[in-house]
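Q: Can you read through this structure? Questions will come right after.
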Amino acid sequence: MHKITTRTLRKMKQEGERFACLTAYDASFARSQEAAGVEVILVGDSLGMVVKGQESTLSVTMQEMIYHTHNVSRVCHRALIMADLPFAADASQEEAYLNSARLIAEGGAHMVKIEGGAMMLDTIRFLSERGIAVCSHLGLLPQSVYKMGGYRIQGRNREEAEQILSDAIALEQAGADIILLECVPSELAAQVTEAIDIPVIGIGAGPECDAQVLVCYDMLGLHHGNPPSFVKNFLAETSSIQQAFKNYVHQVKTGEFPTPDHVFD
Ligand code: KIV
Numbered sequence: 019m020h021k022i023t024t025r026t027l028r029k030m031k032q033e034g035e036r037f038a039c040l041t042a043y044d045a046s047f048a049r050s051q052e053a054a055g056v057e058v059i060l061v062g063d064s065l066g067m068v069v070k071g072q073e074s075t076l077s078v079t080m081q082e083m084i085y086h087t088h089n090v091s092r093v094c095h096r097a098l099i100m101a102d103l104p105f106a107a108d109a110s111q112e113e114a115y116l117n118s119a120r121l122i123a124e125g126g127a128h129m130v131k132i133e134g135g136a137m138m139l140d141t142i143r144f145l146s147e148r149g150i151a152v153c154s155h156l157g158l159l160p161q162s163v164y165k166m167g168g169y170r171i172q173g174r175n176r177e178e179a180e181q182i183l184s185d186a187i188a189l190e191q192a193g194a195d196i197i198l199l200e201c202v203p204s205e206l207a208a209q210v211t212e213a214i215d216i217p218v219i220g221i222g223a224g225p226e227c228d229a230q231v232l233v234c235y236d237m238l239g240l241h242h243g244n245p246p247s248f249v250k251n252f253l254a255e256t257s258s259i260q261q262a263f264k265n266y267v268h269q270v271k272t273g274e275f276p277t278p279d280h281v282f283d
């Protein structure tokens with residue numbers, strides 16, 4: 019069993035092979051996802067909403083991120099474990115470095131995810147030069163929900179779309195290893211995916227990305243209120259969670275998911 023690394027994911031992109039990512043916050047879900055073939059497990063700060071029951075991700079602390087990341091990483095042997103730097107944990111380059119180091123050393127993460135484009139370039143360069151693998155999160159930034167005025171699709175007008183595209187190119191040059199694009203039109207996601215050599219993971223970003231991610235509770239139909247339109251309930255087609263994860267991996271790899279029902283134009 020080969021461990022998934024940043025090199026594996028880059029090679030998969032070069033060879034046109036899609037990979038699957040899901041969020042997990044505990045050992046049981048992580049074990050089941052890894053057994054289903056999920057290549058990247060994201061310990062997302064979405065845990066603020068789906069585990070803690072808050073209305074946003076903003077209350078999540080470093081201690082909580084380390085706790086959940088450790089519960090995931092201790093049972094995984096193949097998947098690459100990505101963990102979110104929570105709100106304000108990247109307030110300076112030094113804090114971003116020290117908090118990333120904690121997620122890796124205490125939590126067992128292999129990569130950290132940081133929200134933000136141009137304004138985070140120096141931080142991404144600082145971390146990358148010091149040997150930290152980074153995923154840059156663009157498009158809808160849940161940690162900026164109050165500034166953005168809600169959870170809304172991003173990049174719909176020309177100016178925003180050009181900014182997202184140029185941010186992705188600049189972040190790759192600064193040393194980012196992955197770009198995650200959340201809630202952007204599929205045409206823009208396709209342009210970003212084409213423009214850079216590092217893999218692009220999409221959520222609500224259409225079928226042309228190199229990989230897809232969903233919040234695991236959402237794709238099992240466990241959503242408080244109406245789920246976002248880009249979510250598919252994979253448990254509705256089968257009777258076991260394990261099979262739902264397997265079907266997700268299969269449908270991401272074959273390009274069956276996302277369908278036109280799950281994309282923004
Ligand atoms: O925190 C999270 O789960 C995320 C996904 C929505 C991509 O960032």
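In terms of our numbering, the sequence shown is residues 19 to 283. C-beta atoms are modelled at their ideal positions from N, C-alpha and C, and glycine is treated no differently.
#1: Measuring CB atoms only, is the stretch 160-177 touching the stretch 201-209, in the sense that at least three cross pairs come out at less than 8 Å?
#2: Any idea which residues DSSP pairs Asp-102 with across the strands?
#3: Counting only the same chain and skipping the five closest in sequence on each side, list residues whose C-beta sits under 6 Å from that of Ala-127.
#4: Checking 8 Å against the spacing of the C-beta atoms, do Asn-265 and Thr-256 come in under that value?
#5: Between the stretch 23-36 and the stretch 71-78, can you find at least three pairs of beta-carbon atoms closer than 8 Å?
#6: Considering only the beta carbon of each residue, do Ile-216 and Ile-197 sit closer than 8 Å?
#7: If you count every other CB in all the chains shown that lies within 10 Å of the CB of Met-129, and 16 or more means buried, which is it?
#8: Where in the stretch 54-92 do unbroken runs of the alpha helix (DSSP H), each at least 4 residues long, occur, reported from the N-terminal end onward?
#9: Decide if Leu-232 is buried, meaning its Cβ has at least 16 other Cβ atoms within 10 Å, or exposed.
#10: Where do the N-terminal and C-terminal ends of the alpha helix (DSSP H) with Met-190 fall, by residue?
#11: Per DSSP, Leu-198 forms a beta bridge with which residues?
#12: With a 10 Å radius around its C-beta and 16 neighbouring C-beta atoms as the bar for buried, classify Gly-71 as buried or exposed.
#13: Is Thr-26 near ligand 1, with its Cβ less than 7 Å from a heavy atom?
#14: Distance check for Asn-89 and Ala-45, CA to CA, integer angstroms please.
#15: According to DSSP, what are the bridge partners of Leu-232?
A: With the structure as the only source:
#1: yes
#2: As a first step, residue 102 is located in the sequence shown; it is residue number 84 there, counting from the start. DSSP lists Lys-131 as partners of Asp-102.
#3: For this step, residue 127 is matched to residue 109 along the sequence shown. Taken in chain order, the residues that qualify are Thr-87, Ile-99, Ala-101, Leu-121.
#4: Position 247 of the sequence shown holds residue 265. Position 238 of the sequence shown holds residue 256. It is a contact, given that the beta carbons lie within the stated cut-off.
#5: no
#6: Looking up residue 216 in the sequence shown gives position 198. Looking up residue 197 in the sequence shown gives position 179. Going by C-beta atoms, Ile-216 is nearer than 8 Å to Ile-197.
#7: For this step, residue 129 is matched to residue 111 along the sequence shown. Buried, by the Cβ-count rule.
#8: 65-68, 80-91
#9: Residue numbering aside, residue 232 sits at position 214 when the sequence shown is read from its first letter. Under this definition Leu-232 is a buried residue.
#10: Start at 1 with the first residue of the sequence shown, and residue 190 comes out as number 172. In the sequence under discussion, the amino acid at residue 190 is Glu, which differs from the Met named in the question. From DSSP, the alpha helix (DSSP H) with Glu-190 extends over 176-192.
#11: The residue given as residue 198 occupies position 180 in the sequence shown. Answer by DSSP bridge pairing, in chain order: His-155, Ile-219.
#12: Along the sequence shown, one-based indexing puts residue 71 at 53. It counts as exposed.
#13: Here residue 26 is taken as the residue at index 8 of the sequence shown, counted from 1. Answer for Thr-26: no, Cβ out of range of ligand 1.
#14: Looking up residue 45 in the sequence shown gives position 27. Looking up residue 89 in the sequence shown gives position 71. One C-alpha to the other measures close to 5 Å.
#15: Your numbering for residue 232 matches position 214 in the sequence shown. DSSP, once it has assigned bridges, lists Leu-40 as partnering Leu-232.
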